[in-house]
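S.K.: The sequence shown runs contiguously to residue 1069 in my numbering.
One structure follows; several queries about it will come next.
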Amino acid sequence: MASTTFGDIEILSVTGPALLKRFIRLPDRIMAPDPNYIPPLHSERQAALTPKGNPFFGHADAAFWLARKNGVDVGRISAQIDHLTKPEPEAPIGNFGMLSAIDDKAVFAALLATAEAWLAERGIKRVQGPFSLSINEESGLLIDGFDTPPMLMMPHDASYVAAHIDAAGYGKIRDLYAYLCDTTAALPPRSAAMVARGLPSNVTLRPMQFKTLKQDIASLVSIFNDAWATHWGFVPITEPEVDHMAKAMRPLLHEKLIWFADVDGEPAAFGLCLPDLNAAIRDLSGSLLPLGWAKLLWRLKVSGVPTARVPLMGVRKRYGEGMLGRLLALHVVESLRREALAKGIKAVEMSWILEDNLPMRHLAEAVGGRQYKTYRVYEKTLTA
């Protein structure tokens, strides 16, 4: 068991299943006083943090550490290098993530220093995060909106964490926004009028079908990577990653909650909406045993959940900046809103959206969304 010390703080390298189990469960204890924290499913986290269970490791390197003080686990962190990140030869970028710790400046400093040292040893000059583990998974640190629980695949952090990251020499590089849309409310008049006018005759709206799931996943990946390639922080999502997500999230997938817009028969835009798994597991304490499976399936398949999230959407670049692109996006989102409401979903989160992505922010507002959470991505330049 490799370890280093920072005063009275011991940093353990996470190797083997026993330490990984402690790593996964640590936030449940630290965040227990927060009524809006939702323990993730431990089995899902176990899979997500191992190469066998997460395609991310096929194009990335990662390491994990625990901090101990007075014989008690008091913090954790990860460091990762995603080789699909746009090359920056003068200042290669690495990431930190999975950050959770008690309210102790020294603990945060030791954890961040450990991650930085690991990255520096591998030639990294700039550190960005938190990403757990990829920018295409959980991104950013919650800095506003602590009063409501997080939705599926969105982080929830203690309010003191930002100050400790600031104290370690990190600064803001981007903020990410989450918008909440009331599906029961009527569309704003201008958007309602645009939807009522319909789409050009060469455009077809269609839901995903399980019988063509493989083809639809390929279309989704193609559109997403084309739509977002020029945006800050873009890392291409791979087909194995989306395929893995589709398999892992199969109980959440509904044909009417994934919509495509085809232009001249070619997939040009899509939107993916997932019922909020967090609403279904909130009281399960991270475990599906002994009765958690039954509760989860009942809530997802019978009683339903009242919230959902749109984690992925996009419009091909050649349409995205014109009126047709805005129409495609609006009609796709309206289709998701309508079908979500039909399934008893009362609120849909559109997240995350870059603070400087004004077209997406305007779209969220055009369907009645209100910005209700902010997540911050930090950066630090490492000195030799």
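For glycine and all other residues, C-beta sits at the position ideal for the given N, C-alpha and C.
Since the model is a prediction, treat every value here as computed from it, not as a measurement.
With DSSP collapsed to three states, give me the class of K857.
M.R.: Here K857 sits in strand by DSSP.
S.K.: For H768, count the other beta carbons within 10 Å of its own beta carbon; 16 or more makes it buried, fewer makes it exposed. Which is it?
M.R.: That one is exposed.
S.K.: Here's the rule: buried if 16 or more other CB atoms are within 10 angstroms of the residue's CB, otherwise exposed. What is Y845?
M.R.: Classification of Y845: exposed, given that the 10 Å Cβ count is below 16.
S.K.: Looking only at its chain, what residues have a beta carbon closer than 7 Å to the beta carbon of V699, apart from the 5 residues adjacent to it on each side?
M.R.: The answer, listed in chain order, is L705, F708, F749, W750 and L751.
S.K.: Count Cβ pairs between the region 1033 to 1050 and the region 850 to 870 that sit closer than 8 Å; are there 3 or more?
M.R.: With the cut-off at 8 Å, the region 1033 to 1050 and the region 850 to 870 touch.
S.K.: Who are the Cβ neighbours of F742 in its own chain at under 6 Å, not counting the five residues just before and after it?
M.R.: Taken in chain order, the residues that qualify are P736.
S.K.: When you compare the CB positions of I902 and D928, do they come within less than 8 Å of one another, or not?
M.R.: Yes, Cβ-Cβ distance for I902 and D928 is below 8 Å.
S.K.: Report, in whole angstroms, the separation of the C-beta atoms of H841 and L827, which I expect to be a contact under 8 Å.
M.R.: Right, their Cβ atoms sit about 6 Å apart.
S.K.: Are V987 and R1022 closer than 8 Å when you measure CB to CB?
M.R.: No, the pair does not count as a contact, with Cβ atoms beyond the cut-off.
S.K.: Taking F831 as the reference, give the member of A847, I820 and L818 with the closest Cα.
M.R.: Out of A847, I820 and L818, A847 has the C-alpha closest to the C-alpha of F831.
S.K.: Alpha carbon to alpha carbon, how far is F793 from E1050? Give it in angstroms, no decimals.
M.R.: If you take the alpha carbons of E1050 and F793, they lie about 37 Å apart.
S.K.: Would you call the CB atoms of A791 and G692 closer than 8 Å?
M.R.: Yes, Cβ-Cβ distance for A791 and G692 is below 8 Å.
S.K.: Please report how far the alpha carbon of F955 lies from the alpha carbon of L1043, in whole angstroms.
M.R.: Whole-angstrom Cα-Cα distance: 19 Å.
S.K.: Can you give me the Cβ contacts of M716 inside the same chain, cut-off strictly under 6 Å, excluding the 5 residues immediately before and after it?
M.R.: Cβ neighbours of M716 beyond the five flanking positions: Y722.
S.K.: Ignoring anything shorter than 3 residues, give me the beta strand (DSSP E) runs that lie fully in the region 819 to 851, in order along the chain.
M.R.: Listed in chain order, the complete beta strand (DSSP E) runs (minimum 3 residues) inside the region 819 to 851 are 826 to 829.
S.K.: As a quick exercise: from F919, N963 and D949, pick the residue whose alpha carbon is nearest that of P885.
M.R.: Nearest of F919, N963 and D949 to P885, Cα basis: D949.
S.K.: Which residues bound the alpha helix (DSSP H) around G1010?
M.R.: Residues M1008 to A1027.
S.K.: Let me confirm a value: M1008 is counted as buried when at least 16 other C-beta atoms fall within 10 Å, else exposed. Which label applies?
M.R.: So M1008 ends up on the exposed side.
S.K.: Below 8 Å CB to CB, which residues in the same chain sit around L796 once its five sequence neighbours on both sides are set aside?
M.R.: So the qualifying residues of the chain are I696, W750, A752, G760, R761, I762, L784 and A786.
S.K.: Kindly give me the distance between the Cβ atoms of D961 and R994, rounded to whole angstroms, as I take these residues to be in contact under 8 Å.
M.R.: Contact holds; Cβ gap of about 6 Å.
S.K.: Output the boundary residues of the beta strand (DSSP E) element that contains A881.
M.R.: Per DSSP, A881 belongs to no beta strand (DSSP E); it is in the alpha helix (DSSP H), P874 to A881.
S.K.: Just to confirm before moving on: does the CB-CB distance between T923 and P740 stay below 8 Å?
M.R.: Cβ atoms of T923 and P740: closer than 8 Å.
S.K.: In whole angstroms, what is the alpha-carbon distance linking V1018 and A979?
M.R.: If you take the alpha carbons of V1018 and A979, they lie about 32 Å apart.
S.K.: Please list the segments of the beta strand (DSSP E) lying wholly inside the region 948 to 1009, counting only runs of 3 or more residues, in order along the chain.
M.R.: With a minimum length of 3 residues, the continuous beta strand (DSSP E) runs that stay inside the region 948 to 1009 are 951 to 960 and 992 to 1000.
S.K.: What's the C-alpha gap between G883 and L1067?
M.R.: Approximately 53 Å between the Cα atoms of the pair.
S.K.: In the DSSP assignment, find the unbroken alpha helix (DSSP H) run with N739 in it and report its ends.
M.R.: Run containing N739: none; DSSP gives neither H nor E here.
S.K.: Based on DSSP bridge pairs, tell me the residues matched to N721.
M.R.: The partner list for N721 (beta bridge, DSSP) is empty, contrary to what the question assumes.
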